[in-house]
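Add 79 to a position in the sequence shown, counting from 1, and you land on the number used in the numbering used here. For each residue, glycine too, the CB sits at the ideal point set by N, CA and C. In this text the structure is predicted, and so the values were computed from the model without any measurement. Have a look at the structure below before the remarks.
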Amino acid sequence: MSRDFDGVDDLINCGTAGLDNKAPFTVACHCFPDTQGEANVGRFVDKGSATTGWQFHISATNRVRFNHAYTGATPTDLELSSVNNSIVLDKWQFVAMTWDGSPTATNAHLYVDGQETAYAVTTDAVGTKGDDAALPFLIGNSIAAARTFDGALAHVMFYGKVLTPGEMRQIRFFPASITDRLLGYWPLRGISSPEPDYSGLGNHGLLTGTLKWNTDPAVFGVWHPRRRSRFPYTAPASVPATPSVATPTTRRKSRALVGVGL
80 MSRDFDGVDD LINCGTAGLD NKAPFTVACH CFPDTQGEAN VGRFVDKGSA TTGWQFHISA
140 TNRVRFNHAY TGATPTDLEL SSVNNSIVLD KWQFVAMTWD GSPTATNAHL YVDGQETAYA
200 VTTDAVGTKG DDAALPFLIG NSIAAARTFD GALAHVMFYG KVLTPGEMRQ IRFFPASITD
260 RLLGYWPLRG ISSPEPDYSG LGNHGLLTGT LKWNTDPAVF GVWHPRRRSR FPYTAPASVP
320 ATPSVATPTT RRKSRALVGV GL
């Protein structure tokens with residue numbers, strides 16, 4: 080099961096407790112995009128505004144992008160963007176990003192299905208890193224509710240460290256099975272309101288819209304960090320082959336208008 084976002088105004092607000100001004104960090108989730116989302120920049124996760132904080136999102140021409148705002152007399156934001164068509168529509172994919180907290184763009188990394196992408200944009204930051212303490216950790220939208228994801232999201236994870244490529248491949252198939260410095264884990268199963276945070280920090284997600292979708296991404300097990308395991312789990316010696324998942328034939332279609340934000 081997963082949460083379906085409408086591309087118009089849906090979002091999940093997970094608050095700020097223990098999530099502010101983190102560096103380094105890793106963000107990861109499974110996504111099923113219908114389009115690039117509202118204004119062609121639908122958010123996976125957003126903890127920012129127009130002038131501070133950061134965003135991780137899909138963008139036009141099916142890129143994946145990370146941006147962190149910097150301040151000062153003549154600031155330049157940190158930006159990392161994949162090449163075109165790094166992500167595809169109407170399919171479950173695992174997307175992730177890591178950042179070590181430095182202003183150097185090549186010290187951030189973007190991943191799709193466990194593999195690092197090629198890059199079209201790598202812009203180093205200039206100035207002082209923006210303060211995100213007053214901004215909530217949002218799933219599926221921006222603080223202005225104007226960058227709605229269009230499609231389904233599941234297994235959103237936030238870590239206070241840079242995960243290795245091997246760890247990234249592990250959490251792709253066994254979400255949240257890496258528990259060291261896990262700051263947030265929202266499976267988004269669509270069966271509770273608010274959406275529970277299983278990290279133990281209690282940043283449960285307050286819902287604005289979103290519907291339950293009875294389809295899961297390709298995972299082999301779901302970890303419950305507070306109970307140590309929700310299902311029996313043994314770390315694989317090697318990454319297993321991707322399990323097959325049938326593309327669903329029915330689901331709520333986007334309510335977004337074609338061309339919004341263009």
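Applying the criterion that 16 or more other CB atoms from any shown protein chain within 10 Å of the CB defines a buried residue, is residue i buried or exposed?
i, result
"Gly281", "exposed"
"Gln194", "exposed"
"Gly245", "exposed"
"Ile270", "exposed"
"Asp179", "exposed"
"Gly121", "buried"
"Ala184", "buried"
"Ala187", "buried"
Who are the Cβ neighbours of residue i in its own chain at under 8 Å, not counting the five residues just before and after it?
i, result
"Tyr149", "Thr155, Asp156, Leu157, Pro182, Ala204, Val205, Gly206, Thr207, Lys208 and Gly209"
Given a cut-off of 8 Å on the beta-carbon distance, is the pair residue i and residue j in contact?
i, j, result
"Val124", "Val200", "no"
"Phe84", "Phe228", "yes"
"Phe104", "Gly284", "no"
"Cys93", "Trp292", "no"
"Ile137", "Gly219", "no"
"Leu159", "Phe173", "no"
"Thr95", "Val143", "no"
"Ile222", "Ala107", "no"
"Asp89", "Gly288", "yes"
"Val191", "Pro254", "no"
"Gly116", "Leu214", "no"
"Ala225", "Ala118", "yes"
Between residue i and the rest of its own chain, which residues show a CB-CB distance below 6 Å, the 5 nearest in sequence each way excluded?
i, result
"Pro296", "His109, Trp171 and Ala233"
"Leu168", "Pro112"
"Ser81", "Ala231, Ala233, Leu267 and Trp292"
"Pro273", "His283, Gly284 and Leu285"
"Gly151", "Gly206 and Thr207"
"Phe216", "Cys93, Leu98 and Lys126"
"Pro275", "His283"
"Asn164", "Asn141"
Based on the DSSP output, what are the partners of residue i in its beta bridges?
i, result
"Val168", "The residue asked about is misnamed: residue 168 is Leu in this sequence, not Val. According to DSSP, Leu168 bridges with nothing at all."
"Phe145", "Phe135 and Leu159"
Spatial neighbours of residue i within its chain, please: CB distance less than 7 Å, with the 5 preceding and 5 following residues excluded, ordered by chain position.
i, result
"Arg260", "Tyr238, Gly239 and Lys240"
So is residue i in contact with chain B if we call contact Cβ pairs under 8 Å?
i, result
"Ala223", "Looking at the structure shown, chain B is missing, and only one protein chain is on hand."
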